Amino acid sequence: MPPGVLFANNWTLSGMRLDQNSAVLVLRFVSANQMLQPTLVCTFKIKPCKTRWMGLCLIFCLFFVPVLAKEFKVRTYPAILMLKNNVKYNYPGSRTKDGILDFADRVSGPLVRSLSSTRLFQHAVSRHKVLVLYVGATSELKANVTATAEELIIHTSFFSASREVLPKELTLTSLPAVLLFKDGTYLTYNEEQDGDLRSWIQRERFPHFSLIDSYTLYAMGESGKLVLLALLEERHLCAESLKFKRLVEKVATEHKEKYSRKFYFGFMEGSDYIDGLIMGQAVVPSFIVVNLSSDTFFLPPGPIETELHLLHFLDGVLDGSMESLGGNGFSQRIRRFVYETRMTLMPVFRDAPVLGCFLVGFPLSVGCIFCYLCIKNRPSSQDDASEEEEVPLLAPSLQRQKKGTDKKCD
């Protein structure tokens, strides 16, 4: 299959055969959604200039294709899929040009790439924000790394190298070993302390401090850690926003040993996602700690002006003295349903008031008519009581009539 760009329909992929050196990047979104269009245009302009993309075919599904959605089990849109050797990889990251290109580059190559020289090792470390490196010969641990890479290659790059390739200042107590490089340093995997390898990589694959979008925040929630966010403006940061950003970065850097196992640190531009989480309007700039595993969040009890105030807030979250808000209980689910319904209908009433009145009024009218008919056809309790009273009144008259008939017969 030659490299290129295709616009897919119901029959494009059904008749396509992939060899072992081919990969397909499928970008799917409905025509009404314009979120990905600028990113995709930039991606395709850059793609042909890169030699490493030879053998990669990009397929656009600009419209909803039921056959493809059923075949690849696509439930949410827009979706970005990578097909390689009859295996589907779903891209979960942010919809940016660099993110899509890095994802396609990771998945199209080997699961665990080999580094044969120190120069290649230094290039890989400088190019990737986070990478996992296996050091040593073939072993059971390497097989575990390969199995983990099959699941986490959509998030992180995996490499392998011998001890001679690594710099001398990089110390290893034993071989084989698994290292995770990020933030200019590295972590060494210890099975006794860190537990399962996959879970360890899933927890540690995020930088200590970074820009966090909705996709990254959702992925962080799967690790079970808390996330401290500084909510900032999308553009033109004010002096207070810059202060909050520097404060979170300072805590993440200087107190890494104390909080890194419990917290992620970062900043978010805009508060749209947090507004949906707290079901209200978040203050910008501000601090918030979120726990997406339980949909709870924590707000500071007062203004945070210094590093000491922020540390006190984090300690209160850990020891339970800070009140947790939100959650996924029954009452919160009802409240969230009402909130999402209101947020869905508000744009309709604003842009098309007549349509909004019809969408709300028609179901309510049908429901009222149905309830009225049910109440009207239901027998009343007074009618039942009157029927019970008539029975004993008629009984004596029947008895007298029967006695009269007996006398006539005599």
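For the sequence shown, the UniProt record's numbering gives the first residue as 1, with consecutive numbering after it. Glycine included, C-beta positions come from ideal geometry on N, C-alpha and C. A quick note: this is a predicted structure, and the numbers were derived from the prediction, not measured.
Supposed contact pair residue j and residue i - C-beta distance, whole angstroms, cut 8 Å
| i | j | result |
| --- | --- | --- |
| Leu292 | Gly221 | 3 Å |
| Leu232 | Glu192 | Leu232 to Glu192, Cβ: 40 Å. No contact. |
| Asp275 | Gln281 | 6 Å |
| Ile153 | Val87 | Not quite, the Cβ-Cβ distance comes to about 10 Å (not below 8 Å), so this is no contact. |
| Leu197 | Thr148 | 6 Å |
| Leu211 | Gly266 | 6 Å |
| Ala104 | Asn90 | In fact, because the Cβ distance is near 13 Å, the residues do not count as touching under 8 Å. |
| Val178 | Leu141 | 7 Å |
| Val165 | Thr118 | 6 Å |
Residue i - containing alpha helix (DSSP H), residue span
| i | result |
| --- | --- |
| Gln220 | Checking the sequence, you will find Met at residue 220 rather than Gln. From DSSP, the alpha helix (DSSP H) with Met220 extends over 214-221. |
| Asn377 | 353-377 |
| Lys182 | Careful: Lys182 lies outside any alpha helix (DSSP H), inside the beta strand (DSSP E) at 177-182. |
| Val317 | 307-319 |
| Gln193 | 191-194 |
Classification of residue i by the beta-carbon crowding that lies within 10 angstroms, buried from 16 upward
| i | result |
| --- | --- |
| Met343 | exposed |
| Lys182 | buried |
| Asn33 | Because Asn33 sits at a pLDDT of 43, beneath the cut-off of 50, its placement in the model cannot be relied upon, and the point is left open. |
| His208 | buried |
| Met82 | buried |
| Lys225 | buried |
| Gln202 | buried |
| Asn21 | Reliability fails at Asn21, whose pLDDT of 45 lies under 50, so the model's placement of it is uncertain and the value that follows must be treated cautiously. Under this definition Asn21 is an exposed residue. |
| Ser241 | buried |
| Ala161 | buried |
| Gly99 | buried |
| Asn10 | Legend: pLDDT at Asn10 = 41, less than 50; position of this residue unreliable, value from coordinates given subsequently. With fewer than 16 Cβ atoms within 10 Å of its Cβ, Asn10 is classed as exposed. |
| Glu204 | buried |
| Pro48 | The pLDDT assigned to Pro48 is 45, lower than 50, so where the model puts this residue is not dependable, and the model offers no usable value. |
| Ser365 | exposed |
| Ala352 | exposed |
| Gly84 | Looking at the sequence shown, residue 84 is not Gly but Lys. Buried, since its Cβ has 16 or more Cβ neighbours within 10 Å. |
| Leu277 | buried |
| Ala230 | buried |
| Ile288 | buried |
| Thr216 | buried |
| Tyr218 | exposed |
| Tyr259 | buried |
| Leu228 | buried |
| Phe298 | buried |
| Ser114 | exposed |
| Tyr264 | buried |
| Phe330 | exposed |
| Ser321 | exposed |
| Val283 | exposed |
Limits of the beta strand (DSSP E) - the one that residue i falls within
| i | result |
| --- | --- |
| Thr185 | 185-188 |
| Phe158 | 157-161 |
| Met79 | Going by the sequence as given, residue 79 is Ala instead of Met. Start and end: 79-84. |
| Phe297 | 296-298 |
| Ser293 | Premise fails: Ser293 is in no beta strand (DSSP E) and is neither H nor E. |
| Ser199 | Looking at the DSSP string, Ser199 is not in any beta strand (DSSP E); the run it does join, the alpha helix (DSSP H), is 197-204. |
| Leu211 | 209-211 |
| Val87 | 87-90 |
*Output the residue ranges of the alpha helix (DSSP H) runs that lie fully inside the segment 231-277 and measure 4 residues or longer, sorted by chain position.*
Every alpha helix (DSSP H) stretch that sits fully inside the segment 231-277 and reaches 4 residues is listed by chain position as 239-254, 256-259.
_If we require 4 or more residues per run, which alpha helix (DSSP H) segments fall completely within the segment 103-147?_
Listed in chain order, they are 118-127.
_Count Cβ pairs between the segment 316-336 and the segment 245-253 that sit closer than 8 Å; are there 3 or more?_
The segment 316-336 vs the segment 245-253: no contact.
_Taking 8 Å as the cut-off, does the segment 134-148 touch the segment 168-183 (at least 3 CB pairs, one atom from each stretch)?_
Yes, the segment 168-183 is in contact with the segment 134-148.
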